[in-house]
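So the protein sequences, as listed, match chains A and B. To get this note's numbering, take the position in the first sequence, counting from 1, and add 28. To get this note's numbering, take the position in the second sequence, counting from 1, and add 28. Here a beta-carbon is modelled for each residue, glycine too, at the ideal position from N, C-alpha and C. Bear in mind the structure is a predicted one, so any value in this text is a computation, not a measurement. A short worksheet on the structure shown next.
There are 2 protein chains.
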Amino acid sequence: VTERLSRAAAEQLDDADPLAGLRDRFVIDDPSLVYMDGNSLGRLSIATEQRLARVIRQEWGGGLVRTWEDWLPWPGLVGDRLGEALLGAAPGQVVVSDSTTVNLYKCAAAAIDALPERRVIVTDSENFPTDRYVVEGLARERGLTLRMVRSDPVGPLTAEMVSDAIDGDVALVTFSHVSFASSAIADMPAITDLVHRAGALVLWDLSHAVGSYPVELDASNVDLAVGCTYKYVNAGPGAPAFLYVNRARQPELRQPIWGWFGQRDQFEMGPAYDPEPGIAQFLVGTSPALGLAAVDEGLKLLAEAGIDRLREKGVALTSFLIDLHDAWLAELGFRVGSPRDPATRGSHVALRHPEARKLCAALIERGVVPDFRTPDRLRFGPAPISTRFVDVWDAMDCLRSLAAQ
Amino acid sequence: VTERLSRAAAEQLDDADPLAGLRDRFVIDDPSLVYMDGNSLGRLSIATEQRLARVIRQEWGGGLVRTWEDWLPWPGLVGDRLGEALLGAAPGQVVVSDSTTVNLYKCAAAAIDALPERRVIVTDSENFPTDRYVVEGLARERGLTLRMVRSDPVGPLTAEMVSDAIDGDVALVTFSHVSFASSAIADMPAITDLVHRAGALVLWDLSHAVGSYPVELDASNVDLAVGCTYKYVNAGPGAPAFLYVNRARQPELRQPIWGWFGQRDQFEMGPAYDPEPGIAQFLVGTSPALGLAAVDEGLKLLAEAGIDRLREKGVALTSFLIDLHDAWLAELGFRVGSPRDPATRGSHVALRHPEARKLCAALIERGVVPDFRTPDRLRFGPAPISTRFVDVWDAMDCLRSLAAQ
Numbered sequence: 029v030t031e032r033l034s035r036a037a038a039e040q041l042d043d044a045d046p047l048a049g050l051r052d053r054f055v056i057d058d059p060s061l062v063y064m065d066g067n068s069l070g071r072l073s074i075a076t077e078q079r080l081a082r083v084i085r086q087e088w089g090g091g092l093v094r095t096w097e098d099w100l101p102w103p104g105l106v107g108d109r110l111g112e113a114l115l116g117a118a119p120g121q122v123v124v125s126d127s128t129t130v131n132l133y134k135c136a137a138a139a140i141d142a143l144p145e146r147r148v149i150v151t152d153s154e155n156f157p158t159d160r161y162v163v164e165g166l167a168r169e170r171g172l173t174l175r176m177v178r179s180d181p182v183g184p185l186t187a188e189m190v191s192d193a194i195d196g197d198v199a200l201v202t203f204s205h206v207s208f209a210s211s212a213i214a215d216m217p218a219i220t221d222l223v224h225r226a227g228a229l230v231l232w233d234l235s236h237a238v239g240s241y242p243v244e245l246d247a248s249n250v251d252l253a254v255g256c257t258y259k260y261v262n263a264g265p266g267a268p269a270f271l272y273v274n275r276a277r278q279p280e281l282r283q284p285i286w287g288w289f290g291q292r293d294q295f296e297m298g299p300a301y302d303p304e305p306g307i308a309q310f311l312v313g314t315s316p317a318l319g320l321a322a323v324d325e326g327l328k329l330l331a332e333a334g335i336d337r338l339r340e341k342g343v344a345l346t347s348f349l350i351d352l353h354d355a356w357l358a359e360l361g362f363r364v365g366s367p368r369d370p371a372t373r374g375s376h377v378a379l380r381h382p383e384a385r386k387l388c389a390a391l392i393e394r395g396v397v398p399d400f401r402t403p404d405r406l407r408f409g410p411a412p413i414s415t416r417f418v419d420v421w422d423a424m425d426c427l428r429s430l431a432a433q
Numbered sequence: 029v030t031e032r033l034s035r036a037a038a039e040q041l042d043d044a045d046p047l048a049g050l051r052d053r054f055v056i057d058d059p060s061l062v063y064m065d066g067n068s069l070g071r072l073s074i075a076t077e078q079r080l081a082r083v084i085r086q087e088w089g090g091g092l093v094r095t096w097e098d099w100l101p102w103p104g105l106v107g108d109r110l111g112e113a114l115l116g117a118a119p120g121q122v123v124v125s126d127s128t129t130v131n132l133y134k135c136a137a138a139a140i141d142a143l144p145e146r147r148v149i150v151t152d153s154e155n156f157p158t159d160r161y162v163v164e165g166l167a168r169e170r171g172l173t174l175r176m177v178r179s180d181p182v183g184p185l186t187a188e189m190v191s192d193a194i195d196g197d198v199a200l201v202t203f204s205h206v207s208f209a210s211s212a213i214a215d216m217p218a219i220t221d222l223v224h225r226a227g228a229l230v231l232w233d234l235s236h237a238v239g240s241y242p243v244e245l246d247a248s249n250v251d252l253a254v255g256c257t258y259k260y261v262n263a264g265p266g267a268p269a270f271l272y273v274n275r276a277r278q279p280e281l282r283q284p285i286w287g288w289f290g291q292r293d294q295f296e297m298g299p300a301y302d303p304e305p306g307i308a309q310f311l312v313g314t315s316p317a318l319g320l321a322a323v324d325e326g327l328k329l330l331a332e333a334g335i336d337r338l339r340e341k342g343v344a345l346t347s348f349l350i351d352l353h354d355a356w357l358a359e360l361g362f363r364v365g366s367p368r369d370p371a372t373r374g375s376h377v378a379l380r381h382p383e384a385r386k387l388c389a390a391l392i393e394r395g396v397v398p399d400f401r402t403p404d405r406l407r408f409g410p411a412p413i414s415t416r417f418v419d420v421w422d423a424m425d426c427l428r429s430l431a432a433q
């Protein structure tokens with residue numbers, strides 16, 4: 029066992045890693061930094077830094093307003109590329125714009141307004157805060173009932189766990205594909221089927237899945253989805269989020285924030301709102317050109333790596349991390365807060381410990397960067413595109429020495 | 029007259045301009061470009077380019093998730109600076125985040141939800157499209173009536189023009205401070221008073237005012253305001269917008285998009301939405317760090333110039349432009365689509381001509397960049413901070429030679 033968990037073994041895993049070379053495509057000024065928070069803010073790639081410099085200097089500084097001709101189609105263009113590379117979504121169904129929360133609001137409101145006779149929204153108690161708050165607000169505003177499924181804080185959400193909550197009163201069901209807290213992967217295809225059999229619509233938050241797990245929106249017949257781009261897509265702090273609306277649902281769904289970027293013949297500036305027929309109706313205001321360029325570069329690199337290879341490496345990295353936990357940390361008061369079955373685990377791992385908050389600060393001080401999530405979770409997100417097995421080894425080694433003190 | 033309108037006279041005006049030196053603070057790769065669209069997309073400053081490079085490389089690339097400690101307060105911090113430098117707003121009332129349209133939606137919804145017994149929203153037919161569409165959508169959703177004031181397409185909106193529309197049924201009145209089309213300045217203090225006497229709330233769109241006109245939100249007792257930062261604030265394509273909520277109104281107003289950035293003790297991730305008591309309640313999702321940095325740099329430069337000096341130069345530039353129009357263009361089929369009285373005119377001028385669309389394209393081909401707005405407007409926005417009197421002269425000279433062909 030020791031041999032298999034030695035640092036030399038980690039080095040061998042890196043030597044055999046077909047994606048190892050991609051680490052060199054990132055800006056890494058401090059090679060001693062062990063970065064384990066790719067699930068919160070992804071790294072900056074060299075291509076992204078260069079692309080942003082061009083957008084800033086040449087496209088904005090030089091081209092000025094003339095470049096808007098190029099920028100205008102970006103939300104849909106980058107959305108199509110994201111859909112193809114990472115979401116299993118055919119063109120015309122994804123746009124990149126606004127924040128994840130604003131997109132959740134637009135999509136959730138569109139769904140419940142399409143089924144006005146149904147008076148219930150379903151989500152789960154372990155869902156990410158903003159996802160819960162958005163539907164809480166919509167339920168209050170529209171006089172609907174919010175039905176909370178109590179989900180497992182460690183294991184994945186299954187169709188069985190939610191079936192009792194989903195009946196003919198339900199308009200909208202919304203869950204996260206990969207749990208921000210536990211990393212557990214909800215059974216998207218089965219839950220989507222269940223929701224459809226009840227005549228309701230489903231909205232998936234893909235924030236912790238996109239770029240780390242091969243999402244199949246079209247194949248799963250998902251109605252609506254949203255997600256952020258600053259985690260595994262590496263598009264930078266506050267980069268614009270995306271939303272997906274299934275082409276078959278687009279004619280019946282209308283989002284509530286009526287803006288000029290959703291207007292047909294936008295620059296005709298007509299007297300009344302007359303929305304674009306397709307996904308563009310879900311656009312609202314002016315989208316950030318810098319952020320869109322960063323999303324474009326980020327997804328290009330992921331597409332080059334290939335989502336299946338990224339997933340495979342994600343499984344290997346997190347499995348290695350859990351093996352090290354079992355060998356070193358279990359006896360120091362830790363427990364794994366994520367599924368042990370890699371088939372239901374995303375690309376991060378939560379380790380739970382009563383002193384997690386303090387340990388997180390101590391790790392960061394020593395150049396190992398995970399993050400802390402209340403009440404007792406240390407989250408380690410070794411982004412497959414830029415993280416080595418030795419990084420995982422070094423992180424666990426540092427944690428073991430801190431916890432043993 | 030000829031002498032006063034010669035290019036030599038324009039050069040003399042530049043020589044006497046106390047703000048002339050500020051042009052050197054901008055990235056100007058092509059000195060022959062005559063940029064007249066500062067009211068649509070402002071120029072890139074050297075400081076902004078450098079700041080963005082630092083945010084990208086050092087704060088994101090090097091600091092990674094650790095920098096969020098610095099970025100988190102930016103929406104309020106930059107909002108306070110914007111409020112002080114350009115809006116006449118004391119701290120704690122402005123945040124920078126989201127697009128102008130999303131901010132319009134949040135503010136308009138907050139106002140009408142605060143006065144549920146009142147069933148009318150008032151705006152004007154010449155208001156910017158997205159402003160009209162947002163309230164059209166809210167009126168539809170809430171079952172309210174949208175009352176459209178027919179405003180003058182050239183002259184300013186006065187309290188007299190809107191008084192008939194504002195009665196005890198009105199919840200919200202929303203107008204633009206400076207018209208995107210005509211550049212006319214609405215009488216904000218008088219209209220705000222009128223709205224308050226009717227017991228309604230007012231929401232001002234400052235997009236074409238901020239950075240070009242000394243807005244006095246607190247002194248005018250404005251309830252709510254929004255505006256963009258990519259025009260005179262020079263924060264770049266799609267930079268985040270701002271919103272203002274008067275401190276006295278904050279306790280009674282709640283915006284409808286309940287997100288985790290408006291949540292008290294955000295990272296406690298509590299089970300129910302429990303909003304921050306102040307302006308932070310109007311935040312929703314993750315704000316773009318790059319865009320916020322650009323807003324900060326943009327407003328710093330404007331603060332250095334001083335809004336009163338910028339206003340003074342804006343009046344001089346637009347007056348010079350109108351004088352040249354009168355001397356050269358009136359006889360070629362043009363007419364001024366903006367107020368002639370500089371006291372009611374913002375920092376851009378609309379010239380109307382049946383062939384405006386074609387003339388705009390021809391100007392751009394010759395290196396003079398205004399923009400076109402349907403149906404017949406050429407808009408010239410000589411941003412005071414970076415535009416010379418000779419630029420105005422060259423633009424009008426080019427237009428005269430094109431129109432005379």
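query	result
Under 8 Å between C-beta atoms, does Glu383 (chain A) make it to chain B?	no
Since I believe Val163 (chain B) is in contact with Ala136 (chain B) (beta carbons under 8 Å), could you give me their beta-carbon distance rounded to a whole number of angstroms?	6 Å
Buried or exposed: which applies to Glu154 (chain B), given that a residue is buried once 16 or more other Cβ atoms fall within 10 Å of its Cβ?	buried
From the DSSP output, in three-state form, read off Ile194 (chain A) for me.	coil
Are at least three pairs of beta-carbons, each pair with one atom in the region 260–274 of chain B and one in the region 392–402 of chain B, less than 8 Å apart?	no
Cβ of Val73 (chain B) within 8 Å of Cβ of Gly266 (chain B)?	It is Ser, not Val, that sits at residue 73 (chain B) in the sequence shown. Contact flag unset, no.
For the alpha helix (DSSP H) that contains Asp399 (chain B), what are its first and last residues?	Premise fails: Asp399 (chain B) lies in the beta strand (DSSP E), Asp399 to Arg401, not in any alpha helix (DSSP H).
Hey, does Tyr63 (chain B) have any beta-carbon neighbour from chain A nearer than 8 Å?	yes
Taking contact to mean at least 3 C-beta pairs separated by less than 8 Å, is the region 311–329 of chain A in contact with the region 166–174 of chain A?	no
Looking at the structure shown, is Arg275 (chain B) part of a helix, part of a strand, or coil, going by DSSP?	coil
Should the region 112–126 of chain A be regarded as contacting the region 271–279 of chain A, the criterion being three or more beta carbon pairs within less than 8 Å?	yes
According to DSSP, simplified to helix, strand and coil, what is Val312 (chain B)?	coil
Determine, using beta-carbon pairs with one atom in the region 33–44 of chain B and one in the region 371–380 of chain B, whether at least three such pairs fall under 8 Å.	no
Could one say the Cβ of Pro284 (chain B) lies closer than 8 Å to chain A's Cβ atoms, at least one of them?	yes
Which residue from A:Asp192, A:Val230, A:Leu345 and A:Gly89 puts its Cα closest to that of His205 (chain A)?	A:Val230
Can you grab the Cα-Cα spacing for the pair Val145 (chain A) / Asp65 (chain A), in whole Å?	A small fix is needed here, since residue 145 (chain A) is Glu in this sequence, not Val. Taking the straight line from one Cα to the other gives about 43 Å.
May I have the straight-line CA-CA distance separating Ile307 (chain A) from Pro101 (chain A), to the nearest angstrom?	12 Å
Between the C-alpha atoms of Trp356 (chain B) and Arg428 (chain B), what's the straight-line distance to the nearest angstrom?	7 Å
Applying a beta-carbon distance threshold of less than 7 Å, which residues of chain A neighbour Val93 (chain B)?	Asp65, Ser68, Leu69, Val397 and Asp399
Listed in chain order, which residues of the region 257–272 of chain A have Cβ atoms closer than 9 Å to some Cβ of chain B?	Tyr258, Gly264, Pro265, Gly266, Ala267, Pro268 and Ala269
Between the C-alpha atoms of Thr28 (chain A) and Glu359 (chain A), what's the straight-line distance to the nearest angstrom?	Nothing in the structure corresponds to residue 28 (chain A), since chain A is present only between 29 and 433.
Taking the beta carbon of Asn31 (chain B) as the centre, do at least 16 other beta carbons fall within 10 Å, making it buried, or is it exposed?	Position check: residue 31 (chain B) holds Glu in this sequence, whereas Asn was assumed. Exposed: under 16 other Cβ atoms inside 10 Å.
With which residues is Ile213 (chain B) paired in a DSSP beta bridge?	B:Val206
Give the interface partners of Trp88 (chain B) over in chain A, defined as CB-CB distance under 8 Å, in chain order.	Leu69, Leu72, Gly264 and Pro265
Can Ala247 (chain A) and Leu80 (chain A) be called in contact, C-beta distance under 8 Å?	no
For Pro410 (chain A) and Arg394 (chain A), what's the separation of their Cα atoms in angstroms?	17 Å
Evaluate contact between the region 236–254 of chain A and the region 110–121 of chain A, counting only Cβ atoms and requiring at least three cross-stretch pairs below 8 Å.	yes
Could you name the residues of chain B that Val312 (chain A) contacts, counting a contact when the two beta carbons are closer than 7 Å?	Ser127, Thr129 and Val130
Rounded to the nearest angstrom, how far is the Cβ of Leu345 (chain A) from that of Phe417 (chain A), given a contact under 8 Å?	7 Å
Measuring straight from C-alpha to C-alpha, what distance separates Phe208 (chain B) and Glu340 (chain B)?	20 Å
Let's see if you can read the secondary structure: which residues bound the alpha helix (DSSP H) around Gly104 (chain A)?	Trp102 to Leu110
So, are the CB atoms of Gly165 (chain A) and Pro284 (chain B) less than 8 Å apart?	yes
Would you say Val106 (chain B) reaches chain A, if we count a Cβ-Cβ gap shorter than 8 Å as a contact?	no
In chain A, which residues lie with their C-beta within 9 Å of the C-beta of Val254 (chain B)?	None at all; the shortest Cβ gap to chain A is about 10 Å.
According to the Cβ coordinates, are Asp336 (chain B) and Gly89 (chain A) closer than 8 Å?	no
On the DSSP letters alone, give me the boundaries of the beta strand (DSSP E) that Gly183 (chain B) sits inside.	Counting along the chain, Gly183 (chain B) falls outside any beta strand (DSSP E), and DSSP gives it neither H nor E.
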